[in-house]
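Letter by letter, the sequence shown follows residues 78 to 631 of this note's numbering. Even for Gly, the Cβ is constructed at its ideal location relative to N, Cα and C. Note that the structure is predicted; figures quoted are calculated from it, not measured. These notes concern the structure reproduced below.
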Amino acid sequence: MKNLCALLLATLLALSCKPTEYGFHKRDIKAAQKLYGLTFEGDGLNTMYDYLGRNKRGYMEMREFTIENETFPAVAFDPHPSGFMAPEGEQRRLTFEIPQNIALPPTEEEIAFMSISQLASLIKSRQLSSERLTSIYLKRIEQFDGQLQSVITVTRELALAQARKADAEIAAGKYRGILHGIPYGVKDLMTVDGYPTTWGAEPYRNQQFDYTATVVKKLEEQGAVLIAKLVSGSLARGDVWFGGKTKNPWDLSQGASGSSAGSGSATAAGLVAFSLGTETLGSITSPAARNGVTGLRPTYGRISRHGVMSLSWSMDKVGPIARSAKDCQIVLSAIYGFDPLDPSTNTIPLDTSGPSVKDLKIAVLMSDLKNDESANGHNMLQALSVLEKDLGQSFDTLSLPTDFPYAVFDIILRAESGAFFDELVRSGKVNDMVEQHSGSRANSLRQSRFIPAVEYLQANRVRRQLIDYIHELFEGYDVILAPTFRSRQMLITNLTGHPVITLPTGFDEKGRPTSMTFIGQLYQEQTILQLAQHYQELTSFEEKKPPLFFGGQQ
Numbered sequence: 078m079k080n081l082c083a084l085l086l087a088t089l090l091a092l093s094c095k096p097t098e099y100g101f102h103k104r105d106i107k108a109a110q111k112l113y114g115l116t117f118e119g120d121g122l123n124t125m126y127d128y129l130g131r132n133k134r135g136y137m138e139m140r141e142f143t144i145e146n147e148t149f150p151a152v153a154f155d156p157h158p159s160g161f162m163a164p165e166g167e168q169r170r171l172t173f174e175i176p177q178n179i180a181l182p183p184t185e186e187e188i189a190f191m192s193i194s195q196l197a198s199l200i201k202s203r204q205l206s207s208e209r210l211t212s213i214y215l216k217r218i219e220q221f222d223g224q225l226q227s228v229i230t231v232t233r234e235l236a237l238a239q240a241r242k243a244d245a246e247i248a249a250g251k252y253r254g255i256l257h258g259i260p261y262g263v264k265d266l267m268t269v270d271g272y273p274t275t276w277g278a279e280p281y282r283n284q285q286f287d288y289t290a291t292v293v294k295k296l297e298e299q300g301a302v303l304i305a306k307l308v309s310g311s312l313a314r315g316d317v318w319f320g321g322k323t324k325n326p327w328d329l330s331q332g333a334s335g336s337s338a339g340s341g342s343a344t345a346a347g348l349v350a351f352s353l354g355t356e357t358l359g360s361i362t363s364p365a366a367r368n369g370v371t372g373l374r375p376t377y378g379r380i381s382r383h384g385v386m387s388l389s390w391s392m393d394k395v396g397p398i399a400r401s402a403k404d405c406q407i408v409l410s411a412i413y414g415f416d417p418l419d420p421s422t423n424t425i426p427l428d429t430s431g432p433s434v435k436d437l438k439i440a441v442l443m444s445d446l447k448n449d450e451s452a453n454g455h456n457m458l459q460a461l462s463v464l465e466k467d468l469g470q471s472f473d474t475l476s477l478p479t480d481f482p483y484a485v486f487d488i489i490l491r492a493e494s495g496a497f498f499d500e501l502v503r504s505g506k507v508n509d510m511v512e513q514h515s516g517s518r519a520n521s522l523r524q525s526r527f528i529p530a531v532e533y534l535q536a537n538r539v540r541r542q543l544i545d546y547i548h549e550l551f552e553g554y555d556v557i558l559a560p561t562f563r564s565r566q567m568l569i570t571n572l573t574g575h576p577v578i579t580l581p582t583g584f585d586e587k588g589r590p591t592s593m594t595f596i597g598q599l600y601q602e603q604t605i606l607q608l609a610q611h612y613q614e615l616t617s618f619e620e621k622k623p624p625l626f627f628g629g630q631q
């Protein structure tokens with residue numbers, strides 16, 4: 078009898094564990110619950126079986142359907158807080174005065190570090206040809222990039238053709254504007270027809286697209302010269318890519334930070350006049366800070382991402398990295414605006430009707446500076462002192478909220494990146510990526526498959542509450558001044574879509590740049606650019622050059 082009972086029990090266990098047509102056991106459901114902190118038992122567990130099987134069939138059917146890279150989810154992110162009234166008017170490019178009294182420097186390295194306005198003056202007056210300027214930058218890439226590893230693809234033939242075309246047009250009196258003939262680079266998440274777009278990742282190192290990103294086309298229409306596709310950290314994470322690690326030109330023992338690592342490094346070292354980067358959670362502000370340049374992350378939806386790799390449809394932004402706030406303003410005016418190919422863009426104009434610098438209402442996230450004994454903290458306090466003295470005011474102080482469940486917000490980024498890179502993960506090619514440690518993009522993509530849709534939507538509901546809270550907190554202020562890396566301002570403003578500009582404030586004890594960040598109201602890039610330009614007129618940190626790449630002189 079005992080043996081018979083044991084046989085019956087074994088039979089029942091075998092039957093309960095036998096996979097059905099769906100390819101999984103009921104015990105798999107029970108085990109999976111543990112990942113999500115749930116406990117279903119009895120009928121609550123058993124009755125789910127058919128539903129989960131139908132879900133799986135749906136997944137398999139969907140995976141047979143082709144989804145193009147440029148397809149946005151039907152559920153779009155709206156950064157506007159409750160009751161928000163967007164500025165009205167016509168989108169137009171700003172006009173910039175080109176200085177008339179710029180003399181051609183005696184050395185090529187001095188030319189390479191000139192501002193966009195200065196270079197435009199030399200090109201328009203025909204003291205300097207675009208072809209010669211392009212050749213100067215190409216030569217510097219050849220000379221220095223072996224140390225920096227900031228360039229993935231040099232677009233030499235395209236650059237020289239565009240430069241010669243610019244020179245011919247200018248000679249014929251067809252001047253297109255301040256960017257005509259100015260060489261630049263783009264982060265290699267942006268497509269350029271005829272050249273690889275590698276996304277910095279081994280599985281995509283030979284990838285090419287037969288179309289060009291909208292932002293690159295806009296710059297081409299204004300006569301700018303594309304000379305290089307610059308390093309993106311692998312799939313927009315960090316400064317490590319399939320070719321190595323991009324370096325900080327101020328300290329070659331240190332990475333350039335990411336993921337717009339090549340844009341920050343190449344701009345700081347004078348390999349390009351300016352560059353474009355992207356940010357989801359710090360990828361413009363961080364390399365700008367690390368490499369001692371100025372980086373503008375515009376309001377979410379300000380600039381088209383058509384032709385740009387998606388990491389998070391609801392958080393990605395494109396923006397300029399340049400040597401000054403004025404240069405960032407020039408580039409922003411050239412590339413912003415509505416694009417029918419990108420459903421996140423809008424028709425909101427650049428608002429130039431704001432108050433003068435002296436009348437700006439300014440607050441500081443001072444609690445984020447408490448107990449900061451670092452050079453970053455010290456130099457930011459010095460910067461605040463300079464501004465308060467010049468503007469004749471004492472800035473108010475604000476503190477960011479601490480009671481939101483900030484840990485859940487990474488769910489949004491990881492879930493959306495997991496969707497974009499679905500095929501990479503399921504094919505197993507994710508295992509070919511250079512970095513495979515627990516904090517790597519490869520591992521992030523693998524574990525994204527275990528984020529429930531319910532939790533993703535709940536995180537976005539909390540995000541909506543955060544957007545309204547921050548809107549109320551910032552209301553009444555034109556600019557919020559903040560440390561770049563302290564506290565949670567970088568996370569919060571990326572979630573809410575607010576624009577920021579990051580600019581240098583000096584150097585640490587090892588001669589490496591320090592920085593601070595200005596936060597603006599939605600669509601008020603002009604205000605933070607105005608204050609940043611004013612600060613840079615009072616100081617000269619943006620004019621400093623890394624000695625290793627400027628003849629050892631300052």
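- Query: Which runs of the alpha helix (DSSP H), 4 residues or longer, sit entirely within the segment 456-516?
  - Reply: Counting only runs of at least 4 residues, the segment 456-516 fully encloses the following alpha helix (DSSP H) elements, listed from N- to C-terminal order: 487-497 and 499-504.
- Query: Do three or more CB pairs link the segment 434-454 to the segment 558-575 at distances below 8 angstroms?
  - Reply: With the cut-off at 8 angstroms, the segment 434-454 and the segment 558-575 touch.
- Query: Taking buried to mean at least 16 other C-beta atoms within 10 Å of its own C-beta, is Met-162 buried or exposed?
  - Reply: On the sequence shown, position 85 is the one that residue 162 refers to. Taking every protein chain shown into account, the CB of Met-162 has fewer than 16 other CB atoms within 10 angstroms, so this residue is exposed.
- Message: To test your reading of the DSSP string, which unbroken alpha helix (DSSP H) runs of 4 or more residues are found completely within the segment 297-346?
- Response: Counting whole runs of 4 or more residues, the segment 297-346 contains the alpha helix (DSSP H) stretches 338-345.
- Have a look at Lys-294 and Gln-195 and give me their C-alpha separation to the nearest angstrom. What you label residue 294 is simply residue 217 of the sequence shown in a count that begins at 1. What you label residue 195 is simply residue 118 of the sequence shown in a count that begins at 1. Between Lys-294 and Gln-195, the alpha-carbon positions lie close to 24 angstroms from each other.
- Under three-state DSSP, which class holds Tyr-261? On the sequence shown, position 184 is the one that residue 261 refers to. DSSP places Tyr-261 in strand when its eight states are reduced to three.
- So what's Ala-399 in DSSP terms, helix, strand or just coil? Position 322 of the sequence shown, counted from the start, is the residue given in the question as residue 399. In the structure shown, Ala-399 falls within a strand segment according to DSSP collapsed to helix, strand and coil.
- Just checking my contact of Lys-324 with Thr-230 at CB under 8 angstroms: how many whole Å lie between their CB atoms? Taking the first residue of the sequence shown as position 1, residue 324 is located at position 247. Taking the first residue of the sequence shown as position 1, residue 230 is located at position 153. The pair is not a contact, with the Cβ atoms about 18 angstroms apart (cut-off 8 angstroms).
- Query: By Cβ distance below 6 angstroms, which residues in the same chain neighbour Ser-650 in space, the five residues on each side in sequence not counted?
  - Reply: Here the chain has residues from 78 to 631 only, and residue 650 is not among them.
- Query: For the candidate residues Ser-206, Ile-544, Val-302 and Leu-215, whose alpha-carbon lies nearest to that of Leu-477?
  - Reply: Numbered from its first residue, the sequence shown carries residue 477 at position 400. For Leu-477, the closest C-alpha among the options Ser-206, Ile-544, Val-302 and Leu-215 is that of Ile-544.
- Does the segment 401-416 touch the segment 361-381, meaning 3 or more C-beta pairs lie closer than 8 angstroms? Verdict: yes, contact present.
- Message: Using a Cβ-Cβ cutoff of less than 6 angstroms, which residues in the same chain neighbour Ser-206 once the five nearest sequence positions on both sides are dropped?
- Response: Position 129 of the sequence shown holds residue 206. Closer than 6 angstroms at the Cβ level, and outside the excluded window around Ser-206, lie Asp-244.
- Closest residue to Gly-396 among Val-485, Gly-372 and Trp-390 (Cα-Cα distance): Taking the first residue of the sequence shown as position 1, residue 396 is located at position 319. Minimum Cα distance to Gly-396 is reached at Gly-372.
- Distance, Met-567 Cα to Asp-445 Cα: Here residue 445 refers to the residue found at position 368 of the sequence shown. Here residue 567 refers to the residue found at position 490 of the sequence shown. Cα to Cα, the separation comes out at about 12 angstroms.
- Query: What are the start and end residues of the beta strand (DSSP E) that includes Leu-439?
  - Reply: Start at 1 with the first residue of the sequence shown, and residue 439 comes out as number 362. The amino acid at residue 439 is misidentified as Leu; the sequence shows Ile. Here the beta strand (DSSP E) through Ile-439 covers 439-441.
- Are Asp-316 and Gly-300 close, meaning C-beta to C-beta below 9 angstroms? Here residue 316 corresponds to residue number 239 of the sequence shown, with the count starting at 1. Here residue 300 corresponds to residue number 223 of the sequence shown, with the count starting at 1. Asp-316 is not a Cβ neighbour of Gly-300, given a cutoff of 9 angstroms.
- Query: Gly-588: buried (16+ other C-beta within 10 angstroms of its C-beta) or exposed?
  - Reply: Counting from 1 along the sequence shown, the entry for residue 588 is found at position 511. Classification of Gly-588: exposed, given that the 10 Å Cβ count is below 16.
- Message: Can you tell me whether Leu-558 is helix, strand or coil according to DSSP?
- Response: In the sequence shown, counting from the first residue as 1, residue 558 sits at position 481. Three-state result, Leu-558: strand.
- Would you be able to state if there are at least three C-beta pairs under 8 angstroms between the segment 480-491 and the segment 270-284? Counting Cβ pairs under 8 angstroms, fewer than three are found: no touch.
- Message: Am I right that Ala-189 and Ile-213 are in contact with their C-beta atoms under 8 angstroms? What's the rounded C-beta distance?
- Response: Within the sequence shown, numbered from 1, the residue matching residue 189 stands at position 112. Within the sequence shown, numbered from 1, the residue matching residue 213 stands at position 136. The Cβ separation is near 6 angstroms, so the contact holds.
- Message: Can you tell me whether Phe-351 is helix, strand or coil according to DSSP?
- Response: For this step, residue 351 is matched to residue 274 along the sequence shown. If DSSP states are grouped into helix, strand and coil, Phe-351 belongs with coil.
- Message: For a quick check, are the C-beta atoms of Ser-198 and Leu-266 less than 9 angstroms apart?
- Response: Here residue 198 refers to the residue found at position 121 when the sequence shown is read from its first residue. Here residue 266 refers to the residue found at position 189 when the sequence shown is read from its first residue. With respect to the 9 angstroms criterion, Ser-198 and Leu-266 are not classified as neighbours on the basis of their beta carbons.
- Item | Pro-182 to Ile-557 span [Cα, whole Å] | As a working note, residue 182 is residue 105 in the sequence shown. As a working note, residue 557 is residue 480 in the sequence shown. Our two residues, Pro-182 and Ile-557, have alpha carbons roughly 38 angstroms apart in a direct line.
- For Arg-49, which residues of its own chain have a beta-carbon under 6 angstroms away from its beta-carbon, when the five flanking residues on both sides are left out? In the structure as shown, the chain starts at 78 and stops at 631, and residue 49 therefore has no counterpart that could be examined.
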